[in-house]
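Below: the structure, in structure tokens.
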Amino acid sequence: MLFADITVLDENCTVRPHRWVGVRDGRIAYVGDVPPAPDQAVTFGETYDGAGKLLMPALYNAHAHAPMTLLRGFAENLPLQRWLEEKCFPFEAKMTAEDCYWGTVLACAEMARYGVVSFSDMYYATEGRCRAVLEAGLKANMCEGLVAFEEKPYAEYPICAQMEALVRDWHGAGEGRIRIDYNIHSEYLSTETVCRDILDIVRGTDLRLHIHLSETEKEVRECRERHEGLSPVEYFDGLGLFDVPVTAAHCVWLSESDLDILERHGVFVANNPASNMKLGSGFAPIPEMMRRGMNVCLGSDGMASNNNHNLFHDMYLQALVYKGATLDPTAVTPQQALASATRAGALSQGRADCGMLAEGMRADLCVLDTTGPQWCPAPDPVYNIVYAGDGSDVVLTMCDGEVIYRDGEWPTIDVERAKAECATRTARIISEL
Ligand code: NI
């Protein structure tokens with residue numbers, strides 16, 4: 004596809020009008036302020052009229068639980084512990100692998116609709132979720148959720164062999180669209196032995212870790228009681244966990260010492276502003292992380308605590324809430340929020356050639372319709388993207404050069420079927436509770 008005379012968000016999060024962007028073989032093959040030579044242009048295929056449109060890198064969701072889409076709107080207005088124990092756990096205990104598959108299909112449709120091409124997903128029934136993502140044409144870093152209470156080696160847990168098989172069969176599948184991550188759910192749902200064993204497996208490979216970290220005040224307090232005063236960050240650091248690439252979701256309750264550790268190791272912090280606000284968990288110290296130049300990316304978290312995969316919402320919140328929370332209107336810039344949703348998210352997934360609109364990068368792109376009243380005037384459209392625009396302005400989403408959403412249609416997903424399956428399955432589970 005050749006995007007012709009279109010406004011773009013470039014690799015510095017600066018908006019540039021009148022650009023031509025050519026996509027070939029899954030990559031961005033041409034970016035220029037003049038059309039490519041005619042003999043080259045013909046090799047890009049369809050010409051896309053850029054009038055009234057803005058082309059930007061697609062979004063990367065750094066923390067999700069896709070099958071929890073089935074729980075959308077089911078667990079509301081409850082304190083976290085009751086939300087988890089009275090609603091989420093009983094519901095999830097009834098979920099089958101097929102339920103997880105269909106929840107993932109619907110999540111993929113929703114993400115594609117909002118310009119998201121890739122997500123880091125922590126859940127169960129991983130093989131079916133990988134299949135759903137490949138069929139939908141998206142990308143994902145998938146991990147099988149680990150809950151380990153017994154004092155025994157990781158190898159004695161069934162998930163160990165399961166993870167070996169997943170890495171063997173799925174890591175790098177779909178020309179790299181699927182990656183397998185290892186999971187440690189959290190400090191409170193794992194043992195020291197299991198953490199050390201997983202670290203031994205991951206160290207020296209191209210695999211990564213995806214964990215929950217310091218989400219609530221209670222989690223940090225109880226960790227300090229269990230581990231001689233250590234915070235979850237200090238505890239994991241003591242085990243050497245941050246010696247490998249880690250995406251740590253939440254990171255709300257951090258001390259100065261915690262921030263030092265995460266900064267020193269280049270840990271990717273997946274900020275989930277909507278989820279953290281909805282569950283009353285607090286605000287991660289994002290402005291301080293930004294000041295330190297840390298890797299901050301964005302996640303939707305599960306649909307029981309958000310309730311949408313519209314990452315533009317989370318980007319908006321990240322750019323806005325810290326200004327109010329810290330009484331500093333310069334706390335997080337829109338450009339920083341955009342970088343979190345795009346390039347930082349891609350890097351958190353080990354996808355170095357993704358997340359930027361530049362020649363040679365993978366063609367993960369989305370097009371926004373900027374003809375609506377909320378987009379005018381636009382002395383610098385970058386502010387409209389974050390503060391006035393929305394995921395619902397997306398009219399085309401492309402992953403590795405393939406269109407996965409365009410003008411209300413999903414060429415790779417049967418959305419009506421996915422909606423019907425999910426509605427039926429959620430009704431079945433609720434009736435069983
Ligand atoms: Ni989570």
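FYI, the numbering for the sequence shown is 4 to 436, going by my numbering. Even for Gly, the Cβ is constructed at its ideal location relative to N, Cα and C. If you're wondering where the values come from, they're calculated on a predicted model, not measured in any experiment.
Residue i (DSSP reduced to helix, strand or coil)
i    : result
T400 : strand
M359 : coil
K97  : coil
I264 : helix
S193 : coil
K422 : helix
P290 : helix
D13  : coil
W23  : strand
A430 : helix
A32  : strand
V381 : Going by the sequence as given, residue 381 is Ala instead of Val. Reduced to three states, the DSSP call for A381 is coil.
I388 : helix
L5   : strand
A277 : helix
T250 : strand
R354 : coil
L371 : strand
Cβ neighbours of residue i in the same chain (closer than 8 angstroms, five flanking residues each side left out)
i    : result
V385 : L12, C16, T17, V18, P337, Q338 and L341
T196 : E154, K155, P156 and Y157
D331 : P290 and Y325
L436 : P93, F94 and K97
Y390 : Y319, A322, L323 and P337
D240 : I264 and H268
V223 : S217, S234, P235 and W256
G148 : M125, Y126, Y127, N186 and H188
G285 : T219, E220, V255, W256 and N279
L360 : V11, L12, D13, E14, V24, I31, V34, L58, M59, P60 and L368
Close beta carbons around residue i, own chain, < 7 angstroms, minus the five adjacent residues each side
i    : result
R199 : L242
E405 : G140
M297 : L265, E266 and V272
R428 : L73, D102 and W105
R229 : none
K422 : L109
L202 : L242, G243, L244 and V247
R27  : T46 and F47
Proximal residues to residue i (C-beta, below 6 angstroms), its chain only, five neighbours per side dropped
i    : result
N387 : W378 and A381
E424 : W105
D8   : H21 and G53
F6   : V24, Y51, G53 and L58
H268 : F245
I416 : A112 and A139
E220 : W256
A307 : M71, L74, A78 and C91
V170 : I183
D356 : M364 and R365
A349 : Y63, C357 and G358
W173 : C133, I181 and I183
Min CB distance residue i to chain B below 9 angstroms
i   : result
A54 : Of the chains in the structure shown, none is chain B; there is only one protein chain.
Exercise for the section: Determine, using beta-carbon pairs with one atom in the stretch 77 to 85 and one in the stretch 390 to 408, whether at least three such pairs fall under 8 angstroms. Expected result: no
Exercise for the section: Count the CB pairs spanning the stretch 98 to 117 and the stretch 327 to 343 that are closer than 8 angstroms, and state whether there are at least three. Expected result: no
Practice task
Just list the alpha helix (DSSP H) runs in the stretch 184 to 248, keeping only unbroken ones of 4 residues or longer that don't cross its boundaries, in chain order.
Solution key: 195 to 205, 220 to 229 and 235 to 242
Exercise for the section: Identify every run of the beta strand (DSSP E) within the stretch 36 to 111, keeping only runs that are complete inside it and at least 3 residues long; order them along the chain. Expected result: 50 to 52, 56 to 60 and 62 to 67
Problem - Contained alpha helix (DSSP H) runs [length at least 4] in the stretch 285 to 331, N- to C-terminal order - result: 289 to 294 and 314 to 329
Practice task
Say whether the stretch 257 to 265 touches the stretch 275 to 292, bearing in mind that this needs 3 or more beta-carbon pairs closer than 8 angstroms, one atom from each stretch.
Solution key: yes
Practice task
Would you be able to state if there are at least three C-beta pairs under 8 angstroms between the stretch 90 to 103 and the stretch 160 to 168?
Solution key: no
Practice task
Check whether the stretch 314 to 325 touches the stretch 356 to 364, counting contact only when three or more Cβ pairs, one atom from each stretch, lie closer than 8 angstroms.
Solution key: no
Handout entry: Any 3 or more C-beta pairs closer than 8 angstroms across the stretch 51 to 70 and the stretch 113 to 130
Key = yes
Exercise for the section: Could you tell me which uninterrupted alpha helix (DSSP H) segments, each at least 4 residues in length, are contained entirely in the stretch 109 to 182, listed from first to last along the chain? Expected result: 129 to 139 and 161 to 173
Problem - Cβ contact check for the stretch 297 to 308 and the stretch 64 to 72: 3 or more pairs under 8 angstroms - result: yes
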